[in-house]
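Taken in sequence, the protein lines are chains Y and W.
Numbered as in our numbering, the first sequence ends at 325 without a single skipped number.
Numbered as in our numbering, the second sequence ends at 325 without a single skipped number.
Note that the Cβ used here is the ideal one computed from N, Cα and C, for glycine as well.
Computed from a predicted structure; not experimentally measured.
One structure is given here, and the rest of the page talks about it.
Number of protein chains: 2
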Amino acid sequence: MHSIETLQEKIKKAIKSEKFDFKPSELYEPISYTLSLGGKRLRPVLTLMACDFFDGKIKNAIYPAIGIEIFHNFTLLHDDIMDEAPIRRGKETVYKKWDSNIAILSGDVMFALAYKYIAKADKKILPEVLSVFNQTAIQVCEGQQYDMNFETTKNVTIQDYLKMIRLKTAVLLGASLKIGAIIANARNHEKEEIYNFGLNIGLAFQLKDDLLDVFGNEQKFGKKTGNDIITNKKTFLYLKAFELAKNETQQLLKKHFGDTQLENNKKIKVIKEIYEQLKIKEHTEKEIEHFYSEALKNLETINIKDERKTVLKAFAEKLMVRDY
Amino acid sequence: MHSIETLQEKIKKAIKSEKFDFKPSELYEPISYTLSLGGKRLRPVLTLMACDFFDGKIKNAIYPAIGIEIFHNFTLLHDDIMDEAPIRRGKETVYKKWDSNIAILSGDVMFALAYKYIAKADKKILPEVLSVFNQTAIQVCEGQQYDMNFETTKNVTIQDYLKMIRLKTAVLLGASLKIGAIIANARNHEKEEIYNFGLNIGLAFQLKDDLLDVFGNEQKFGKKTGNDIITNKKTFLYLKAFELAKNETQQLLKKHFGDTQLENNKKIKVIKEIYEQLKIKEHTEKEIEHFYSEALKNLETINIKDERKTVLKAFAEKLMVRDY
Numbered sequence: 002m003h004s005i006e007t008l009q010e011k012i013k014k015a016i017k018s019e020k021f022d023f024k025p026s027e028l029y030e031p032i033s034y035t036l037s038l039g040g041k042r043l044r045p046v047l048t049l050m051a052c053d054f055f056d057g058k059i060k061n062a063i064y065p066a067i068g069i070e071i072f073h074n075f076t077l078l079h080d081d082i083m084d085e086a087p088i089r090r091g092k093e094t095v096y097k098k099w100d101s102n103i104a105i106l107s108g109d110v111m112f113a114l115a116y117k118y119i120a121k122a123d124k125k126i127l128p129e130v131l132s133v134f135n136q137t138a139i140q141v142c143e144g145q146q147y148d149m150n151f152e153t154t155k156n157v158t159i160q161d162y163l164k165m166i167r168l169k170t171a172v173l174l175g176a177s178l179k180i181g182a183i184i185a186n187a188r189n190h191e192k193e194e195i196y197n198f199g200l201n202i203g204l205a206f207q208l209k210d211d212l213l214d215v216f217g218n219e220q221k222f223g224k225k226t227g228n229d230i231i232t233n234k235k236t237f238l239y240l241k242a243f244e245l246a247k248n249e250t251q252q253l254l255k256k257h258f259g260d261t262q263l264e265n266n267k268k269i270k271v272i273k274e275i276y277e278q279l280k281i282k283e284h285t286e287k288e289i290e291h292f293y294s295e296a297l298k299n300l301e302t303i304n305i306k307d308e309r310k311t312v313l314k315a316f317a318e319k320l321m322v323r324d325y
Numbered sequence: 002m003h004s005i006e007t008l009q010e011k012i013k014k015a016i017k018s019e020k021f022d023f024k025p026s027e028l029y030e031p032i033s034y035t036l037s038l039g040g041k042r043l044r045p046v047l048t049l050m051a052c053d054f055f056d057g058k059i060k061n062a063i064y065p066a067i068g069i070e071i072f073h074n075f076t077l078l079h080d081d082i083m084d085e086a087p088i089r090r091g092k093e094t095v096y097k098k099w100d101s102n103i104a105i106l107s108g109d110v111m112f113a114l115a116y117k118y119i120a121k122a123d124k125k126i127l128p129e130v131l132s133v134f135n136q137t138a139i140q141v142c143e144g145q146q147y148d149m150n151f152e153t154t155k156n157v158t159i160q161d162y163l164k165m166i167r168l169k170t171a172v173l174l175g176a177s178l179k180i181g182a183i184i185a186n187a188r189n190h191e192k193e194e195i196y197n198f199g200l201n202i203g204l205a206f207q208l209k210d211d212l213l214d215v216f217g218n219e220q221k222f223g224k225k226t227g228n229d230i231i232t233n234k235k236t237f238l239y240l241k242a243f244e245l246a247k248n249e250t251q252q253l254l255k256k257h258f259g260d261t262q263l264e265n266n267k268k269i270k271v272i273k274e275i276y277e278q279l280k281i282k283e284h285t286e287k288e289i290e291h292f293y294s295e296a297l298k299n300l301e302t303i304n305i306k307d308e309r310k311t312v313l314k315a316f317a318e319k320l321m322v323r324d325y
C-alpha cells in the first residue's frame, strides 16, 4: 500500500510530464496554463488509491487518472465562463485571461483529450470504464445546469440542493474511485461500495466547502470568506437557515439575502449573525458528520483487512477536518 | 447493398426514435431541438454506407453513426456561439433561442452523449473506433481554432486554408467512413483508403460550399448568396483571387474585401466582378475536380467489385453536382 503523499507525488509528476505544446497554440496554451495551476489533484489520487486498495497495478491507472483530472479541469473552464468567475486558484481564469471563445474551444478539446487518456485503459476493462465515465460526465453537466437554475428558482429545498451537489461534485469522486477499482479487477459489489464511499465523501466535501466559505479561517482558507453570501448562493447553510428561521428572522433573512444594494461586509455580518443565532454551523457539521459516517459504513462492508483501509480513511478524514 | 435513400431513411428513423426528454429540461430541450432540425445526416449515412460496402451488418453501425451525428451537432452548437450565428437550417440557433450558457452546457452534454453512443460499438472493435473518434474530435477543434485565427491573420495561404478545412470538415467525413469500415471488420489498408476517400470528398465538399456561397442559385441554395463576402471570410475563392490578382486588381480586392462601410449588395457585386474577371469559378471547380478525382482513385485501390462501389460513387457525385 502506498501513502497518500506517494500517490499524490506520482500523479503530480505524471501530469507534469504530459506536454500539450501542440498547434494551434491558441487552443493548447490555455490547457497547459490550467493544468499548471495545480490544485489538490483529488480525483486522480482517488483513482490511484482505489486501484492500490484493491491490489491493482498503479501504473495501469495513471493514464485514466490523468484523463479524469483533465475532465475536471475542462468543467472548470466552462463553469468559469458561465459563472463569470475571474479568479481560480489565485490566477486569472482562462476566459478572463484569453476570452470566452478560447475558453469554450480549449475546454472542448480538453474534454476530447480526457477521453483519449481514459481510452488508454486496458482493452478488457475499457467498456466498463467508459460506461462509468460517460454516465458521470453527463451527470456533472446536469449538476451544473441545476446549479445555474437555482439562481432564479425561488423554492429550492435542501433535498434539491443535495441532489445538485451529488451530480455536480460527488459523482465524480465516486467515479474516480470506481474506475480505480475496475482497473484493479475488484468485485462488482466492491466497485459499488467504493463508488458510494466516494459519493458520500463528495457530499461531505461540498458541505465542508460551503461551511468554510462562511466560517473558514481566512488566513488558512487562502481567500476571503463570505463569497457565497455576497453572490446570493443558495447553499446548504442558507437553505437550512431558511428552513429553521421563523417569522421576523425569516423575513430578515429573505430581505438581506437578495439585497444587492447592501454593502458586502455589512451583508456578510447580518447573514452570519442569523446563521449563528440558528446554530447553522452546528447543523452543517452534523450533516457533514452524517455523510462522513455513511462513507465509513460503505468502507466497512468491503471485505478487506482493516489495515488496508487506513489510507482511504486518512484521506477522507483529511478532507473533513481541513480548514482550507 | 442498400441504396442511399434506404440508408438515409434508416438513420433518420433511428435518430428520431432516440428521445432526449431527461431532466433538467434546460439542458436537454436544446438537444431535441437541434436534432429535430434535420440536415442531410451526411456523416451517419457515410458510416452506414461504409459498413454496408465492406459487407458488415448495418445494425451494428447504427448507434456509433448516431454518436457521430450528435458530435457533429455539438460542434455546431459551440461554433454558432463563437461565430455569433443567429440562424442555422432556417431556424434560430440554440445560443440565440436560449442563451450562450445553455448552448455551452447543452453542447457539452451532447459531446458526452456522442461518446455514449460510440461506446455501444462491439467490445472487440471499441478501442479502435474510440481511437479514430478521439483523434477526429481533437482535429475538428483544431480546425475551428484555425478558422477563428484566420479572421485576424493577414497572410493566410491557400495551403493554410486547405489544412484548416481538412481539420474542421474533411476528417470527420473520413472518420465517419472509417468507423463504418472498422465495424465491418475491413482490412487495415481498406480502412485507410476509405478514410482518404472521405477526406478528399470532404475537401471537395467544402470547396463546393464556398463556391455555392458566391455563385449558387439562391432559390435552390435556400439562402442568400454572398455571405462569405459580407463577413470577409477568407475562403478558397478569395485566397485564389488574391493570389492571381495583379497590381490595381489586387489593391481593389484588398480595399473592398475588408471594407466594413461598403453597402452589402454593392460589396458582393464588386468582389464578384473581380472573381469573374479572374475566372475564380473555373479555378475553384478545377480544385474540386482535383479532390474528387483523388477520392475516386482511393476507391479504385480497394479490391472490391466495381458494382459495389456504385452507391459510394453516386453519393460522392451527388455532393459534387449539387446546387444547394
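From the beta-carbon of W:K124, the residues of chain Y found nearer than 7 Å are P128. Annotation: Y:S4 is outside any alpha helix (DSSP H) and is labelled neither H nor E by DSSP. The DSSP-derived three-state label of Y:K92 is strand. DSSP, read as helix, strand or coil, puts W:T48 in helix. The contact set of Y:N102 on chain W, defined by CB atoms closer than 8 Å, consists of I82, M83, M149 in chain order. Setting aside the 5 residues that flank it on each side, Y:R89 is surrounded in the same chain by L38, L77, D81, each with a C-beta closer than 8 Å to its C-beta; the list follows chain order. Within chain W, the C-beta atoms nearer than 7 Å to that of Y:L28 come from C142, E143, Q146, in chain order.
Using a Cβ-Cβ cut-off of 8 Å, W:H79 counts as an interface residue toward chain Y, since at least one Cβ of chain Y sits closer than that to its own. For W:G57, no alpha helix (DSSP H) encloses it, and the DSSP letter there is neither H nor E.
The residues Y29, S33, in chain order, have a CB closer than 8 Å to that of W:D22 in the same chain once the five nearest residues on each side in sequence are set aside.
Comparing alpha-carbon positions, the option among Y:I69, Y:K225, Y:V172, Y:N218 lying closest to Y:V322 turns out to be Y:N218.
Distance check between W:H291 and each of W:Y118, W:D148, W:L204 places W:L204 closest, using alpha-carbon atoms only. DSSP, read as helix, strand or coil, puts Y:A246 in coil.
Excluding the 5 residues flanking it on each side, Y:K117 has same chain C-beta neighbours closer than 8 Å at G68, in chain order. Residue-level contact by beta carbon holds for Y:P25 and chain W, with a gap shorter than 8 Å.
Chain Y places a beta carbon closer than 8 Å to that of W:K117, counting this residue as a contact. Distance from the CA atom of Y:D109 to the CA atom of W:R167, rounded to whole angstroms, is 19 Å. For the stretch 122-170 of chain Y, there is no continuous beta strand (DSSP E) assignment of 3+ residues that stays within its boundaries.
Residues of the stretch 168-194 of chain W with a C-beta atom less than 7 Å from some C-beta of chain Y do not occur. If the five residues before and after W:I139 are omitted, its C-beta is found closer than 6 Å to no C-beta atom of its own chain. In chain order, L8, G181, V312, L313, F316 place their CB closer than 7 Å to the CB of Y:M50, counting only its own chain and leaving out the 5 sequence neighbours on each side. The continuous alpha helix (DSSP H) containing Y:K209 extends over residues 189-216.
In summary, no residue of the stretch 60-73 of chain W has a CB separated from any CB of chain Y by less than 8 Å. DSSP places W:G108 in the uninterrupted alpha helix (DSSP H) bounded by 101-119. Annotated three-state conformation of W:N266 is helix, per DSSP. In the three-state reduction of the DSSP assignment, W:N186 falls in the coil class.
One finds H79, I82, M83, I105 in chain Y with Cβ atoms closer than 7 Å to the Cβ of W:I105, taken in chain order.
For Y:N156, the nearest beta carbon of chain W is not closer than 8 Å to its own beta carbon. Between the stretch 254-270 of chain Y and the stretch 292-302 of chain Y, the count of C-beta pairs closer than 8 Å stays below three; the two stretches do not touch. Rounded to the nearest whole angstrom, the CA to CA distance from W:I63 to W:I183 is 13 Å. For Y:L36, the enclosing alpha helix (DSSP H) stretches over residues 26-37. Taking a cut-off of 8 Å for Cβ pairs, the stretch 131-148 of chain W and the stretch 163-178 of chain W touch, as three or more such pairs fall below it. Across the structure, W:L212 and W:K155 are spaced so that their CA atoms are roughly 22 Å apart. The beta carbon of W:A120 sits closer than 8 Å to some beta carbon of chain Y. The beta carbon of Y:V110 sits closer than 8 Å to some beta carbon of chain W. By the rule that beta-carbons nearer than 8 Å mark a contact, Y:N201 does not touch chain W.
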